[in-house]
Structure formats: C-alpha cells, structure tokens
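Following my numbering from start to finish, the sequence shown increments by one per residue and tops out at 567.
Structure first, then comments.
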Amino acid sequence: MNSNIPAGSVESNPGISVFKPALFFIIVALSFLGAIIGMQIIVTLGISANTSIIGAVLAILLSRIPTTVFSTFRYIDAQNLVQTAISSATFAAANGLLISIGVPWVLGMHELIWPMLVGSALALVIDGTILYGIFNSRAFPANGCWPSGVATAETLWAGNQGGRRLGLLVMGFVVGSGGAYYGIPMASAGIAFIGSIFALMMFAAGLLVRGYSESGLIYYNLYEHFVPHGFMIGAGVVALLQIGWIVVKKRRGTDNHDIEINPELAFSSVRLKKSLLTGAGFYFFTALLLTGLTQLFTHMSFPVLTGFLLFSTAAALVQEMVVGMAAMHSGWFPATAAALISLVVGMLLGFPPEALAVLVGFCSATGPAFADMGADLKTGFMIRGYGRDLQQERYGRRQQYIAAMTGFVCAMIVVALSYQFYFSQNQIVPASRLYAVTIEAGKSSDIACMLLMWAIPGALLQLTGGPRHQTGVLFSTGLMIHYPIAGWTVLVALGGRLLLEKVFHVSSDRISTLAGGLIAGDALTSAAKALYPALKMKLVNIQIH
C-alpha cells in the first residue's frame, strides 16, 4: 500500500500546526465558505456536497501564490488541514445543524429552535470526538476503504504534481457562477459529474415526477398524498437493513486479511471501550440538558422521561456506528434514513410530539460528522505515509481534529446567524419536512395509512437497486423537492459526463475538479443573489434612519 506514495514530488511537513497564523486564518475563512456552500445546496437540492476536494484544490491554489505569507500551503499536510476544516464545516452546517433545527420550525415549535441548536452542536462535537478516539481501531481501521478519503488524498497528490487541476477548477467556477446567475442549478450538474450515474438518474426522475405533478401534467398531487414521505420511509428501512448486511458480511471477510497489525491496534479494545463509554455518557448528559432547556419534563412522567433519555443515548450511538461503517465500506452516508428509523421507533414507544422533535433533531446531528471525519483522517493517514511513523501520525491526526472542531464552530456561527433568513423564505431542508410530517402522522390514522401504502413501493425500489446504487433513497429525495429544472440539469450533466469519459477519455479526477468548481460557483452566486436584496434593504433602512 505504501508504494502508492508519490516519491520526491510532494513537499511534506508533518509537524505543522493549525495555529500557524496564515494557516489558521485561511482555515477559518474557508470554513465559513464551506458552511455557506453546504447550507445553500441542502436547502435547494436536499443533498449536501463533499467539499473536501474543493478545499484541497483551493489550498493547492494558495500554495501557488509566490509570497512568504502563503509559503505554508506548499506543504501537503497544511493542505490536508484546510480540506479537513472546510469539509467538517460543510457537513456540520448542512447535515448536522440545519436539519435538526428545521424540524421544530416546520412543526411550529419555534421555542425549541435555540435549545435544539445547542443540543445538536454538542452532539456534533461528541460525534467527531468519538471517531477521533476510535479511528484506526479494529472497528474503524485506517486501512479500511473510506472511498472519499482516498479520493481526496489522490487529489492532493496529483494537484501538487501538476497545475491543470487549478485551471479546471477556475473554469468550473466561472461556468457554475454564470449558470446560477441565469437560474440554472449548476450545483446539480456538479454533483452529476461525481456521483453514481444510475443513482443520480433516479434522483433526476424523482425531481421530474414531483415537479410535473405540481404543474398539473401528472393528475395526482404527490405531496398532498404523502407519496414522497412514504417512499422515503420504505426506502430508508430497507437501506438500513442492507447496510447492516454489508457491515456483517465485510466484517466476517476482512478481520484477518485487511487489517494491518500496528502498534495502535494493540490497544484497540481499550480505546474502543473508553471512547464509546465516554461518548455515551456525554450523549446522555446532552439529552438531559435538552430536556431541561426545552422543558420536556413537563410533558412526560418520570419513567417515560428516563426511557426517553436512555433511548436517545442508544439511538445516537447506534446511528453514528451505522452511518460511520456505511461510509467506511461504501462511501454512502445514510444519516437521513437512520434518523428516520429512530423517529419511528420513538413514535412506537409513545413519546409525545415535542419529545419526538427533539429526538430526531438530536439523532440527525450524529453520524455525518463521524463519517466525514473518518474520511478526512483516512486522507491524512495516507499522505503521512500510512502510519509508518506513529508519532507523526498521532500528531497529524490531532491537528486534523483541531481543524475539524474549528470548522464546527464556524458552522455553528453561520447557522445561528442565517437560519431565520432561509426558513422565513420557506427554504427548509426536505429531510426536516419528512421528519415533521412523520411526527404529524402520529395524530392521523389516514396519514399513517398513506405513509404505509407508499412505503411499500419505496422499499421495493430500494431493494431492487441494492445498497450500491441507493435507488429508493435517491428517488425519494427527488420526490421531496419541487425543482424540475434541477432534474433536467442532472440528466444533461450526466450525458455530458458520459461524453467526456467515453468519447474524449477525460480522467475521473479532472472531471471531479471541474465538478467542484461548478458546485462552488453555483453555491456562492446563489447565496449572493439571495442575500443581496436583503442586505440592500438593510442599507437603505440605515440611510433613511
């Protein structure tokens, strides 16, 4: 495996610190950028983008600036810290925080939003800290697959060896910005360039079916009859069962062959026990804090409250394990499906609606940070030489942890300052609506029957596509979003991708870089278009007064 390390072509400095002034400033700036990108994409498309490669290429671009200030970025280790921070901020803002606080907003429980923001922020930190503690254990070995982590490491290596990637990134950014300016969702094109072709075809199909049912071309309003929600529940249940089967099958076949024995593995069981028990304790106290801040204790008897605290703790731990193992083996983050199952079980246990809103918000904040940090630490493990120097590996991993926590803090600030702007315009993450409708279904037998009826085809579609393609989950996600132009954009982009790959033989890493530019250009331009009128109005009001 170590033979994959480029020889004599990449400058390395494993002893570099996050707190080096120029590096820390860029980490903070790009973390804010990553949080904005993540929020913009998830409220418009319902899915989040992996910004690790974007962060990596931007760091490489900074290393090309011939000044002393940016000399730090010529080291691949500094570039790794930058991509770790921006990736952490993206997933924290979009998947960890915005989804969590969107549930009480949709349910009209606005008094729960700030307590939920505090609870989900703490859950993010606990989530990432547990992964940091058990990475390179027998449960989560550094030599595991972690596909997105491998892709980022390869990008860093290739980017430091040649400059064509930078030109492609700028080209993609210009095209993405131009398309977004004229109302074309170029982020969906970027995602189509790097995702599974078959899965994204199903995503596009869902977008188009939902869009044309709203316009009247399809004489059945899917959303009013809870078709998207039922599909997602059925697909989510099957997705979790498939992932469980993959994890069991992989563990049986790889324990003795794919895990390289190293000094860290000698203490694997001790680290696992310590990290998981400590994490469980912090999850319990976070759930306890949430019940106090939200005054849930006024809605539940003492036995029910105790059961809620224990179930919340167990659900958070199980969710992060399932999502983390799925990400390690397949690169897929089934956080929405996992949180949905926790919610359904909570409903069956009879928790009141207020408690269910807190439960699903709390659970949805666990998993994404865990899986994303695993991929980032895999990237660092590779560029530092696959753990050949254990002291350097541990130091570098700790610096990545600090960079990720910095990204989390930036994400918390961005979400706290901007969530009301998005929610007031009804720009709410589809997953938040799904959770809210599922909670409401507990009050209506008719809604529950419709959800159950449409869960069956969702489950069958997911079963047909298998865990690799996630067809049921992607089709359901498309059904949740009223955005038909995004469906056509995905289909056109998929056609362009096939043309580039099959006819012009463009390599996948170059296509990924172009996609990163498209996503970044679209997100920033869309955010600017949305924020500019509000900012202009505030400036006018200031001048008037």
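Glycine included, C-beta positions come from ideal geometry on N, C-alpha and C.
Within 10 angstroms of the Cβ of ALA211, are there 16 or more other Cβ atoms? Answer buried if so, exposed if not. buried
Does any CB atom of chain C fall closer than 8 Å to the CB of GLU236? This model lacks chain C altogether, as it is built from one protein chain only.
Are GLN101 and PHE95 touching if we call contact CB-CB under 8 Å? yes
Whole-number beta carbon distance between SER109 and SER74, since they are thought to touch under 8 Å: 4 Å
Helix, strand or coil at LEU339 [DSSP, three-state]: helix
Might you give, ordered along the chain, the residues of its own chain that have their beta carbon closer than 6 Å to the beta carbon of THR358, omitting 5 neighbours on each side? ALA453
Cβ shell of GLY150 (< 6 Å), same chain only, five flanking positions each side left out: ALA391, MET395, ALA426
Return yes when the Cβ of THR547 is within less than 8 Å of the Cβ of SER53, no when it is not. no
When you compare each of GLY402, MET347, ASP398 to GLY389 by their alpha carbons, which one comes out closest? MET347
As a quick exercise: from PHE47, GLY124, VAL249, pick the residue whose alpha carbon is nearest that of LEU103. PHE47
State buried or exposed for LYS400, treating a residue as buried only when at least 16 other CB atoms are found within 10 Å of its CB. buried
Check each candidate in TYR234, VAL147, ALA51 and name the one with the smallest Cα separation from ALA338. VAL147
Can you say whether PRO126 is buried or exposed, counting buried as having 16 or more other CB atoms within 10 angstroms of its CB? buried
Go to LEU153, then tell me how far its alpha helix (DSSP H) extends in each direction, as first and last residue. 135-156
Using 8 Å for Cβ pairs, my map puts ALA226 next to GLY509. What's the rounded Cβ distance? 4 Å
Sequence-distant residues of its chain with Cβ nearer than 7 Å to ALA309 (five each side left out): LEU331, SER334, THR335, PHE384
By the three-class DSSP mapping on this structure, what secondary structure does SER323 have? coil
How do the segment 363-380 and the segment 408-417 stand: do at least 3 beta-carbon pairs fall below 8 Å, yes or no? no
Would you please state the rounded distance, in angstroms, between the beta carbons of ILE64 and VAL437? I believe it to be under 8 Å. ILE64 to VAL437, Cβ: 11 Å. No contact.
For the pair the segment 173-182 and the segment 524-536, tell me if three or more CB-CB distances fall below 8 Å. yes
Whole angstroms are fine: how far does the CA of ALA51 sit from the CA of GLN105? 12 Å
Compare the beta carbon distance of GLY228 and LEU536 with 8 Å and say whether it is the shorter of the two. no
Between which residues of its own chain and LEU501 is the CB-CB distance below 7 Å, once the five residues before and five after are set aside? GLY228, VAL231, ARG232, LEU244, VAL249, PRO250, PHE253
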